[in-house]
Amino acid sequence: MTLKIKDFKHYKKVYADSVKNPEKFWAKQAKTFNWRKPWKKVLENDFRTPAVKWFVGGKLNITENCLDRHLKTQGDETALIWEPNDPSRPFVTYTYKELYQAVCQAANMLKSKGIKKGDRVCFYMPMVPELTIGVLACARIGAIHSVVFAGFSASALADRIKDATCKMVICSDFNARGSKNIPVKKVVDEALKKKCDSIETVIVHQNTGEKVPMKKNRDVYWHKAIEGQSKSCRATQMDAEDPLFVLYTSGSTGKPKGVVHTCGGYMVYTAFSFQNVFQYEKGDVYWCTADIGWITGHSYIIYGPLLSGATTVMSEGVPTYPDAGRFWHICEKHKVNQFYTAPTAIRALMALGDHWPSHYDLSHLKVLGTVGEPINEEAWNWYKDKIGKNTLPIVDTWWQTETGGIMISGLGDLSPQKATFAGYPLPGIQPCLVNAQGKEIKGNGKEGLLCIKFPWPSMIRTTYGDHERCRQVYFSAFDNMYFTGDGARRDKKGMYRIIGRVDDVINVSGHRMGTAEVENAVNEHDNVVESAVVGYPHDIKGQGIFAYIIPNKKVTNEAAFVKEIRAVVTKEIGPIAKPDQIRIVSALPKTRSGKIMRRILRKIASGDTKNLGDTSTLLNPEVVKELLKKK
Ligand code: WT7
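In this text, residue positions in the sequence shown follow this note's numbering: the first is 33, and each later residue adds one.
As C-alpha cells, then:
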C-alpha cells in the first residue's frame, strides 16, 4: 500500500514535502509496487514539448500489481462484485484468484487471435464483468485498450476505431439497461461497414443471449474463444512509459481525441489517490457507479481499487430501475462502505423524493464521493443529509480524462468540508490560477483559469497519433503549465471551487461534449445551413444543449424538424448529445471577422437576456433582436 494520510495535519506535512521534493515523494510511493526492473530516473520534466516521463527505464506489468500481488495474501477475498440490471437475477462475484484466472484465460484468447503488445483493442460493451476482464487481459499482454462508451453511435464508434487503427472489437450482443434491451452487436456491425479495415476479429460476449448475426471468419463468441485457453498467462514486461490505454474525449474543436495514459505513472497515481481520497481500509466494499466507458470507470472501478486489493462493485443497470431506490438497495445489499457517483444522478434521485433512501439500511457507508461536474449546493446538502445522515464526509473530486486520477478533493473525513468546494490538491499536485495573459494569480480569495504547474505521474502523455494536438490544446495556452480548460476560485483558506469550463466544452450529465462536435452532427441534416450549439443551465443534467439552427428552406413543420435534428445527432454521436432546445433562426450573431459570438447565444439560451454585454462589435446587431423576440 502507498502512504496513507491520517489526518489533516498529516496531509499538510505530506503535501509540503511532496511539493518540495516531488521525485522523492513519488519514488517512495512507486516502491510499494512490484517492478520487474527498477527505474533509473524518477522524472524527466519537459512540460513544453511535452515529453514528461515518470519512472524512466522501470519495467513492470500493471496486472501483476492488480492481481498476482494479492494472490498469496488475499486470493480468496472478493475482488469484484457484479450487480446485474435485473435485481431478481443473482449477483456474481470474483475472488482475486478467480479474476486472475479469468484475466489470464482472456489474455491467452487475445494472443490466440493474433493480438500482440502495442496492438489496439476496442471495447464496446455494457457494464459486465467481461469488460473488466477484457481490459485487464489487454494490459496483461501489453495490448492497448480503447474502451468506447456503449451509448455512442455507430459513426462515433467507427471514428474511434479508425483513429486508433484497432485490430479487434470486443462487444456484447445486447445491453440490458433498465427496461430496455439495447442492441450492441448491431451497432458494431454498422460501424464496421464504415471502412474500419484494421479490424480482423470481433469477439461477442453473450449478455442477454439473444441471437445476433455472426460474420464468418470475423465474429467469434467470447465463450467459444476462451474455451480451452489456459488460466495462467505470463504477463508481458512493459516499460513504465509504454501506453496502457487510449480513451477518447471531447475538446473545443474537431473530433474527439484519444488521450493516452502509460503504465507506470498511472498505476502509482490511481492507487495512491484511491486509497487516500476514499480512505479505503482492508475489507471495505467500494462502489463507483460510473461506466467504464469513461475515465472514472478506468481509474476508480478497475485500476485504483484492484491495485489496492479492494472489493469493487460494478453495476450494470441504471439508478431508477426497477425504481428510484436501486442505488440504496445495492448499498444495503453489499454493505457498501464507499459510494462514488455523479451530481446528475444525485439531482435525479433527489427530484424523485426523500423517501427512497429512507427505506434502506445505509449504515455501512463511510465516505460519499461525487465527480464529473460542479455539484450545486442543494444536491450537496441532500447527499450529505439524506444519504450521509449529516455525519458522512463528501469528497467532491475534481479531475479529468487527461489527469488520469483525482487532483483536487477532500480525503475521506480528514479534510475540511465546504459545500460545492472540491477543496485542496492531493499530494504532488500543484494547481494554480492564472489570468488570460498567463500570469499567475497568487494569494487566496481569487478567481482565474485553473492550471497545473508541475507534472504528476498519471498525466496525459499524448493524444493518439497527433502529439502536436496534445501540445497545442493543453500545453501551449500558458508557458510551462498544463491548462485544464476549467475556471476556478480559491477561497480565503485556499480551498478550490471549480466553476466550470471556460472553453467550448459542455458538460451534460457529467458527459463531456464539444460544441463543434454537436454542430457538425446537426449540420449533417439536409436542411441546415449553419448552426451554433451552446450549453445552458439544466436542473438535472447540470448543462443542457441548446442549438440555434439556420435552415436552408423554410421549415413548415417545426416539430418534425426538431425530431429529425435529434435523430441526426443520435446517429452521428449518440443519444447523449441530443439537443434539449432547438431554435430556428435566420442568422447567428457574428463578429466582423466572422466568428460566432457565443457569449450572446449562451446568455439568451440561459434566459439571461437583460445584460447581453457589448454587442457593438457585431457585424449584424439586428439578429440579436430577432433572437430575443423568439421565445
Ligand atoms: C471535466 C472533465 C473526471 C472524471 C469525469 C469527468 C468537470 C469533473 C468535477 C468536479 C466540478 C468537475 C470539469 C472537468 N469536472 N469533476 N468535482 N467539480 N467540475 O471527466 O469527461 O474528462 O471531464 O469535468 O469541467 O474539466 P471528463
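Backbone N, C-alpha and C fix where the C-beta goes; we use that ideal spot for every residue, glycine too. Note that the structure is predicted; figures quoted are calculated from it, not measured.
Do residue i and residue j have their CB atoms nearer than 8 angstroms?
{"i": "GLY213", "j": "LYS36", "result": "Strictly speaking, residue 213 in this sequence is Asn, with Gly absent from that position. No."}
{"i": "SER187", "j": "LYS524", "result": "no"}
{"i": "PHE181", "j": "GLY325", "result": "yes"}
{"i": "ARG152", "j": "CYS265", "result": "no"}
{"i": "ALA579", "j": "ILE636", "result": "no"}
{"i": "ILE165", "j": "ALA134", "result": "yes"}
{"i": "PHE510", "j": "GLY480", "result": "no"}
{"i": "ASP599", "j": "VAL655", "result": "What sits at residue 599 in the sequence shown is Ala, not Asp. In this structure, VAL655 does not lie closer than 8 angstroms to ALA599 by Cβ."}
{"i": "LYS149", "j": "GLY183", "result": "no"}
{"i": "GLY460", "j": "SER447", "result": "no"}
{"i": "PRO621", "j": "ASN652", "result": "yes"}
{"i": "PRO665", "j": "ILE440", "result": "In the structure displayed, the chain extends from 33 to 663; residue 665 sits before or after that span and is not available."}
{"i": "PHE486", "j": "PRO54", "result": "yes"}
{"i": "CYS198", "j": "SER178", "result": "yes"}
{"i": "GLU115", "j": "PHE123", "result": "yes"}
{"i": "ILE473", "j": "LEU482", "result": "no"}
{"i": "ILE605", "j": "GLU549", "result": "yes"}
{"i": "ASP612", "j": "GLY574", "result": "no"}
For residue i, collect the residues of the same chain with a Cβ closer than 7 angstroms to its Cβ; drop the 5 residues on either side in sequence, then sort them by chain order.
{"i": "LEU339", "result": "ASN97, CYS98, MET299, THR302 and ALA303"}
{"i": "ASN140", "result": "GLN261, SER262 and CYS265"}
{"i": "ALA59", "result": "VAL74"}
{"i": "ARG250", "result": "THR233 and VAL234"}
{"i": "TYR132", "result": "LEU99, ASP100 and LEU103"}
Hey, out of the options, whose CA is closest to residue i's CA?
{"i": "ALA267", "options": "THR127, ARG101, VAL236 and LYS226", "result": "ARG101"}
{"i": "ASP195", "options": "THR623, TYR156, LYS247 and VAL278", "result": "VAL278"}
{"i": "VAL540", "options": "LEU424, GLY404, MET629 and ARG529", "result": "GLY404"}
{"i": "CYS154", "options": "ARG379, GLY260 and MET200", "result": "MET200"}
{"i": "ASP323", "options": "ALA171, PRO389 and PRO161", "result": "PRO161"}
{"i": "LYS478", "options": "GLN462, ILE530, GLY420 and ALA223", "result": "ILE530"}
{"i": "TRP431", "options": "THR516, ILE176 and THR352", "result": "THR516"}
{"i": "GLY107", "options": "ASP393, ALA342 and ILE492", "result": "ALA342"}
{"i": "LEU92", "options": "LYS63, ARG80 and PRO82", "result": "LYS63"}
{"i": "VAL220", "options": "ILE492, ALA411 and VAL244", "result": "VAL244"}
{"i": "TRP360", "options": "ASP393, GLY442, GLU348 and ASP612", "result": "ASP393"}
{"i": "ASN467", "options": "ILE582, ARG521, TRP488 and ASP445", "result": "ARG521"}
Would you decide whether residue i is buried or exposed? Buried here means 16 or more other CB atoms lie within 10 Å of its CB.
{"i": "ASN369", "result": "buried"}
{"i": "LYS418", "result": "buried"}
{"i": "SER204", "result": "buried"}
{"i": "PRO158", "result": "buried"}
{"i": "LYS248", "result": "exposed"}
{"i": "LEU103", "result": "exposed"}
{"i": "ASP39", "result": "exposed"}
{"i": "SER305", "result": "buried"}
{"i": "HIS391", "result": "exposed"}
{"i": "VAL505", "result": "buried"}
{"i": "SER395", "result": "exposed"}
{"i": "HIS692", "result": "The shown model of the chain, from 33 to 663, leaves out residue 692, and the question about it has no answer."}
{"i": "GLU556", "result": "exposed"}
{"i": "ASP536", "result": "buried"}
{"i": "HIS387", "result": "exposed"}
Which same chain residues, not among the five before or five after residue i, have their C-beta less than 6 angstroms away from its C-beta?
{"i": "MET545", "result": "SER282, ILE538 and ALA609"}
{"i": "THR125", "result": "THR110 and ILE113"}
{"i": "GLY210", "result": "VAL350 and TYR353"}
{"i": "CYS320", "result": "TYR332, ILE333 and TYR372"}
{"i": "ASP316", "result": "ASN369"}
Grouping DSSP H, G and I as helix and E and B as strand, with all else coil, what is residue i?
{"i": "TRP360", "result": "helix"}
{"i": "LEU99", "result": "helix"}
{"i": "VAL236", "result": "strand"}
{"i": "ARG521", "result": "strand"}
{"i": "TRP254", "result": "helix"}
{"i": "ARG615", "result": "strand"}
{"i": "ARG631", "result": "helix"}
{"i": "ASN559", "result": "coil"}
{"i": "PRO275", "result": "strand"}
{"i": "LEU481", "result": "strand"}
{"i": "GLU109", "result": "coil"}
{"i": "PRO288", "result": "coil"}
{"i": "ARG147", "result": "Reading off the sequence, residue 147 comes out as Ile, not Arg. In the structure shown, ILE147 sits in coil (DSSP, three-state: anything other than H, G, I, E or B)."}
{"i": "GLU434", "result": "helix"}
{"i": "SER305", "result": "helix"}
{"i": "PHE310", "result": "coil"}
{"i": "LYS69", "result": "strand"}
{"i": "SER204", "result": "strand"}
{"i": "TYR456", "result": "coil"}
Given residue i, which residues of its chain have a CB within under 8 angstroms of its CB, disregarding the five upstream and five downstream residues?
{"i": "ILE572", "result": "THR376, ARG379, ALA380, ALA383 and SER541"}
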